[in-house]
Structure formats: C-alpha cells, structure tokens
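In the numbering used here, each number is its position in the sequence shown, counted from 1, plus 1087.
Backbone N, C-alpha and C define an ideal beta-carbon position, used for all residues, glycine too.
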Amino acid sequence: MKNYETVIVLTPLLSEEASKEVVAKFRKILTDNGAEIVHEDNWGLKKLAYPIQKKTTGYYTVTEFKASGELINKLEVEYKRDERVMRFLTVALDKHAAAYTERKRKGELAPKAARKTEEGVA
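1) Excluding sequence positions up to five away, which residues of its chain have a Cβ less than 6 angstroms from the Cβ of Lys1182?
2) Let me check understanding here. Comparing Cα to Cα, which of Val1110, Glu1103 and Thr1150 lies closest to Val1178?
3) Between Glu1128 and the rest of its own chain, which residues show a CB-CB distance below 6 angstroms, the 5 nearest in sequence each way excluded?
4) For Glu1123, I'd like the list of residues in its chain whose CB is within less than 8 angstroms of its CB, leaving aside the five on either flank, ordered along the chain.
5) Determine whether the beta carbon atoms of Arg1246 and Leu1097 lie at a separation below 8 angstroms.
6) According to DSSP, Glu1153 sits in a beta bridge with which residue or residues?
7) Whole angstroms are fine: how far does the CA of Lys1133 sit from the CA of Val1110?
8) Does DSSP put Thr1188 in a helix, in a strand, or in coil?
9) In chain order, what residues of the same chain lie with their CB nearer than 8 angstroms to the CB of Ile1139, ignoring the 5 residues before and after it?
10) Consult DSSP for Arg1114 and reduce its assignment to one of helix, strand or coil.
11) Who are the Cβ neighbours of Ile1159 in its own chain at under 7 angstroms, not counting the five residues just before and after it?
12) What's the C-alpha gap between Leu1135 and Glu1157?
Right under this line is the structure:
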C-alpha cells in the first residue's frame, strides 16, 4: 500500500452541508475498497486562480490515505462521474513527502513568523 494525497475542488453552488456529503461519499468509496484514511483537511471556500466552468470560487478538500494502486483508477472515475467535482488531483507521496506531511500535522513545522518570534528575532 502506497501513500496518496488527493485534492478535490467542489462547485461553490453547494451548501456547506452538501459539500460535506460529497466528501463523505468519496471517503466511503476509499474505506469500502480497503484504503486507510490518514488525514483529511477541509480548506473550505477559496478563490480560484482562474475561472473554472465560469465559477471563481470552490470548496477545497485534501485527503491523505494509504491504498493500492488499483483503487486510484476507481476513485478518479467516480470523481469524473460526479458533476459537483470541478477539479481533482491525486498524487502518490514518496517517503520524504509522507514524512513531511506527518511532521506538518504534528506541528513540528511552524510558520516562519512563529519561528522568528520563538527565536526572539520578532
């Protein structure tokens, strides 16, 4: 089983409740097919860098999980079938990226501003 990270951008026409239902649907697809969800992060409604389908905002969700390679094709087919998904990207994490995200979740990687104030540089 490899580490993967997927980012999906949902249409802004959905309510907060509806966007959570969509994310739950994809979470269920992952877990039903033997994937282990490591971390899930909901970024909420964000401005897009460029318009997609004449929309300038979208609901972003990042999910990190461990799964077999065959599951990725199934997951991406489901993304393509769901009209509420505007964009998605799934990447395989190498050992360095997996270690980095683990440290980031634990809070070991503080933002630069926080590190400067801790060091007394302010």
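Judging by the given coordinates:
1) None.
2) With respect to the C-alpha of Val1178, the residue from Val1110, Glu1103 and Thr1150 having the closest C-alpha is Thr1150.
3) Correcting the residue type first, residue 1128 is Asp in the shown sequence and not Glu. So the list reads Val1149, once near-sequence residues are dropped.
4) Met1088, Phe1152, Lys1153 and Ala1154
5) No answer is possible for residue 1246: it lies beyond the span of the chain, which begins at 1088 and ends at 1209.
6) Contrary to the premise, residue 1153 reads as Lys rather than Glu in this sequence. DSSP output for Lys1153 lists Asn1090 and Glu1123 as bridge partner(s).
7) 16 angstroms
8) helix
9) Val1096, Gly1145, Met1173 and Arg1174
10) helix
11) Tyr1091 and Thr1177
12) 30 angstroms
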